[in-house]
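Engineer: The end of the sequence shown is residue 337 by my numbering, with every number in the run present.
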Amino acid sequence: MHILFLGDIVGKPGRRAVAALLPNLRQELAVDLVIANTENTAHGKGLTASTWTELRQAGVDIGTGGNHTFSKPEATTIYGQATEPLVRPLNLPGAPGQGEKTFQVGQKSVTVVNLLGQFGMNLPDVENPFVTIQRWWREHRPADVIVVDMHAEATSEKINLGWYLDGKVTAVIGTHTHVATVDARLLPNGTGYITDVGMVGLRDSSLGVDKDLALQRFLTGQKASNDIPETGLVGFNAVLFESTAPGRCTTFERIYREYIVT
Ligand SMILES: [Fe+2]
Ligand SMILES: [Fe+2]
């Protein structure tokens with residue numbers, strides 16, 4: 076089974092790049108399942124019904140979340156619908172929706188788990204992701220494929236989760252920083268790993284938002300509003316991996332494309 080995982084999709088340029096590129100990529104790469112991090116889909120923060128519909132129509136099968144998932148109030152309603160193929164962080168136990176879900180894809184069962192790191196998140200209720208996944212592992216029967224989206228700022232939290240889950244899950248995929256790392260690899264026991272996939276967002280930006288406004292925050296110490304330019308070159312960052320045995324990857328590689336939004 077070939078799975079394509081898209082990093083944080085940022086705002087309208089990100090959504091437009093997904094709509095333009097994903098249908099052809101699904102064919103070109105013989106993709107069976109597309110998972111995408113959706114926490115920045117609606118103007119950089121959160122998820123709305125219309126933006127989620129856009130992604131679904133573009134070919135995203137399952138969405139994961141992060142620290143911004145519930146920034147727009149309507150995400151609470153969307154996540155409250157159990158049939159939506161969406162997961163939010165498992166270690167935010169009070170949040171609406173579920174932190175893990177299992178889907179049937181052809182003959183295979185695919186479980187998607189979402190975790191939040193604790194460093195730098197400024198959220199009060201984030202449980203220790205290592206303890207959360209340890210408990211989850213004891214209580215759940217493994218699926219044919221298990222994909223973990225580790226949404227975290229600290230590289231140490233991500234790589235240590237990768238080592239902890241090596242050989243137990245199919246892939247541990249880092250999201251949140253919006254900056255892709257070059258360490259996509261198979262760990263010794265067969266788990267695919269990358270510290271951060273990167274984003275699907277404007278390349279000449281500050282993590283997807285207007286870089287001049289973001290710079291003002293650093294120059295003046297004043298909180299400037301985040302804005303997302305309408306046009307520009309979008310960097311499309313993803314990973315593609317193949318699972319042929321339960322809990323193991325046989326290939327795990329970065330995919331990068333560009334799309335100019337005019
Ligand atoms: Fe993000
Ligand atoms: Fe995030």
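Beta carbons: idealized from backbone N, C-alpha and C, even for Gly.
May I ask whether a heavy atom of ligand 1 can be found less than 6 Å away from the beta carbon of N235?
Structural biologist: No, the Cβ of N235 stays beyond 6 Å of every heavy atom of ligand 1.
Engineer: Taking S125 as part of the beta strand (DSSP E), name the residues at either end of that continuous run.
Structural biologist: Taken as a continuous stretch (DSSP letters only), S125 belongs to no beta strand (DSSP E), being part of the alpha helix (DSSP H) at 124 to 133.
Engineer: Hey, is the stretch 316 to 329 in contact with the stretch 245 to 261, meaning 3+ C-beta pairs nearer than 8 Å?
Structural biologist: Touching, yes.
Engineer: Quick check on this structure: which residue in S231, V222, D271, D241 has the alpha carbon closest to the alpha carbon of G249?
Structural biologist: Closest by alpha carbon: D271.
Engineer: Taking 6 Å as the cut-off, is the CB of H251 close to at least one heavy atom of ligand 2?
Structural biologist: Yes, the beta carbon of H251 sits closer than 6 Å to at least one heavy atom of ligand 2.
Engineer: Identify every run of the alpha helix (DSSP H) within the stretch 253 to 326, keeping only runs that are complete inside it and at least 4 residues long; order them along the chain.
Structural biologist: Within the stretch 253 to 326, the complete alpha helix (DSSP H) runs of at least 4 residues are 286 to 295.
Engineer: Would the beta-carbon of E232 fall within 7 Å of that of G192?
Structural biologist: Taking 7 Å as the Cβ cut-off, E232 and G192 qualify as a contacting pair.
Engineer: To which residues of the same chain is R91 closer than 7 Å at the C-beta, ignoring the five residues directly before and after it?
Structural biologist: Cβ neighbours of R91 beyond the five flanking positions: V336.
Engineer: With 16 as the cutoff for other CB atoms within 10 Å, does K87 come out buried or exposed?
Structural biologist: Looking at its Cβ environment, which holds 16 or more other Cβ atoms inside 10 Å, K87 is buried.
Engineer: CB of T142 to nearest heavy atom of ligand 2: below 6 Å?
Structural biologist: Per the sequence shown, the amino acid found at residue 142 is Asn instead of Thr. Yes, Cβ of N142 sits closer than 6 Å to a heavy atom of ligand 2.
Engineer: Quick check on the DSSP output: the beta strand (DSSP E) that includes F178 runs from which residue to which?
Structural biologist: Here the beta strand (DSSP E) through F178 covers 175 to 180.
Engineer: Please indicate yes or no: does the CB of E228 lie closer than 6 Å to some heavy atom of ligand 1?
Structural biologist: No - ligand 1 has no heavy atom lying nearer than 6 Å to the Cβ of E228.
Engineer: Return helix, strand or coil for G82, following the three-state DSSP convention.
Structural biologist: Here G82 sits in coil by DSSP.
Engineer: Based on the DSSP output, what are the partners of S340 in its beta bridges?
Structural biologist: Because the chain here runs from 76 to 337, residue 340 falls outside it and cannot be looked at.
Engineer: On a Cα-Cα basis, can you pick out the residue from E214, P217, N166 that is closest to D224?
Structural biologist: Minimum Cα distance to D224 is reached at N166.
Engineer: Would you mind listing the beta strand (DSSP E) stretches within the stretch 209 to 247 that are 3+ residues and don't spill past its ends, in chain order?
Structural biologist: Fully enclosed beta strand (DSSP E) runs of 3 or longer: 220 to 226.
Engineer: Tell me whether N115 counts as near ligand 1, meaning its Cβ is closer than 6 Å to at least one heavy atom of that ligand.
Structural biologist: Checking the Cβ of N115 against ligand 1 gives yes.
Engineer: Pop quiz: T144 and G121 are said to be a contact at Cβ under 8 Å. What is the actual Cβ separation, rounded to whole angstroms?
Structural biologist: Confirmed, about 7 Å.
Engineer: By Cβ distance below 6 Å, which residues in the same chain neighbour Q89 in space, the five residues on each side in sequence not counted?
Structural biologist: According to the sequence provided, residue 89 is Gly. The question's Gln does not apply to it. Once the five neighbours on either side are set aside, the close Cβ partners of G89 are V275, G276.
Engineer: Could you work out which residue in Q297, G174, A111, G265 is closest to V85 when comparing CA atoms only?
Structural biologist: With distances taken between Cα atoms, V85 lies closest to A111.
Engineer: By the DSSP assignment, the beta strand (DSSP E) with G155 in it spans what residues?
Structural biologist: Unbroken run through G155 is the alpha helix (DSSP H), 149 to 155; no beta strand (DSSP E).
Engineer: Let me confirm a value: A246 is counted as buried when at least 16 other C-beta atoms fall within 10 Å, else exposed. Which label applies?
Structural biologist: The residue is buried, with at least 16 neighbouring Cβ atoms inside 10 Å.
Engineer: Just the Cα atoms here: how many angstroms apart are K243 and V109?
Structural biologist: Between K243 and V109, the C-alpha separation is close to 21 Å.
Engineer: Quick check on DSSP: helix, strand or coil for T207?
Structural biologist: Helix.
Engineer: With a threshold of 16 other CB atoms inside 10 Å of the CB of Q164, please say whether the residue is buried or exposed.
Structural biologist: In the sequence under discussion, the amino acid at residue 164 is Pro, which differs from the Gln named in the question. Under this definition P164 is a buried residue.
Engineer: I need the straight-line Cα distance from W238 to H226, nearest angstrom please.
Structural biologist: Cα to Cα, the separation comes out at about 16 Å.
Engineer: Taking the continuous beta strand (DSSP E) assigned at L108, which residues delimit it?
Structural biologist: First-last of the beta strand (DSSP E) with L108: 108 to 112.
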